[in-house]
Structures are given as C-alpha cells and as structure tokens.
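K.L.:
Numbered per my numbering, the sequence shown spans residues 26 to 166.
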Amino acid sequence: MGIAKVVASRSNCIKRKVAAVIVRDKRIISTGYNGTPRGTTNCNENGCKRCNSWAESGSSLGECVCSHAEENAITQCAYHGISTKDSILYVNLAPCLICTKMIINSGIKEVVYDVEYMLNDESKRLFKEAKVILRQFKLKK
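Structure representation (structure tokens):
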C-alpha cells in the first residue's frame, strides 16, 4: 500500500490523488493513477472541466474525462500485453462500480483497498458473486 501512496503522487488530478498497483506472484506488473487520458491536457492544466469546476463529490460524473487509477493500471497491462489473471490489486481508495466490473472482467482475484470511499453495496455484491476477495488494508504492527 505504501507503493500505491507513492504512485498516487504522480496523479495530475486536482481533486483527489488515487493509485492502483497490480501484483502477481509477489511482483508488481503494473501501476496506475487517476488523471486524463494519455496524450490529452492534464487535469491540473484545465484538461478536465468537471474537476476544474470543483463540482461536488459524486456529481456531474458524466463530464469527467479523467480515468481512474484501477482503469489505468489494467489498461497499462493490456497496452503492454501483460495478463492480469490471478493478480492482486492494491488501491488507496475503494473501487467504484465501473472499476469493480473492470476488475472482475480482467481476472484479478483479490482487491485490497485502504480508504473506504463510495464502495457501494452493488460493488460488494458483485465482488462476492464473482468470488473476488475484497478486503480493507490493515497495517501490521
């Protein structure tokens, strides 16, 4: 989770910095952070009208052009031809419903999240039905 927090610092989103790290066989195979798509104007340079309008959390989501950290980590694997099957995804913010579906379809077997943010009942139900382990990160003392 510490690596995810460092990766989150790369985010160009002005509202929230989120990162995901995908691990298979105890090796990092991909990282991703939230922000505008490759080759487009960064969020912090006015690239996302929704983020720059300081819309209320959870509102005007259809206007947001930023990709989520989980989405970017998974698509990085696809871009480089790396399978995510049977991997573990670490993310510093609980996945939304759209990312939940992407995680399930990509074959990720476990999701470890730090902060519970808008992880709705439908996401939890889908993870359970798809037999994807979902757990909140607990720092070992």
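Heads up, the beta-carbon is just placed ideally off N, CA and C, and yes, glycines get one too.
1. Taking the alpha helix (DSSP H) that E95 belongs to, which residues open and close that run?
2. I need the DSSP call for R35, collapsed to helix, strand or coil.
3. Among A119, L122, S131 and T66, which one has its Cα closest to the Cα of V90?
4. When DSSP labels each residue in this structure, what does T125 get in the three-state scheme?
5. Which residue's Cα is closest to the Cα of R35: N69, R49 and R52?
6. Between the alpha carbons of H106 and S131, how many angstroms are there, rounded?
7. Have a look at R160, A119, I53 and C38 and flag the residue whose alpha-carbon is nearest the alpha-carbon of C76.
8. Considering R75, what are the terminal residues of the beta strand (DSSP E) in which it resides?
9. Do L114 and I47 have their CB atoms nearer than 8 Å?
10. Determine the DSSP secondary structure at E191, reduced to helix, strand or coil.
11. Can you tell me which of the three DSSP states D111 falls into?
12. When we look at the beta-carbon of K42 and count the other beta-carbons within 10 Å, is it buried (16 or more) or exposed?
P.N.:
Reading off the structure:
1. A94 to H105
2. Under the three-state reduction of DSSP output, R35 falls in the coil class, being neither helix nor strand.
3. T66
4. helix
5. N69
6. Inspection of the sequence shows that residue 106 is occupied by Gly rather than by His. Computed Cα separation, rounded: 13 Å.
7. C38
8. Per DSSP, R75 lies in no beta strand (DSSP E) segment; the continuous alpha helix (DSSP H) that holds it begins and ends at K74 to N77.
9. yes
10. Lying outside 26 to 166, the shown extent of the chain, residue 191 is not represented and no answer is given.
11. coil
12. buried
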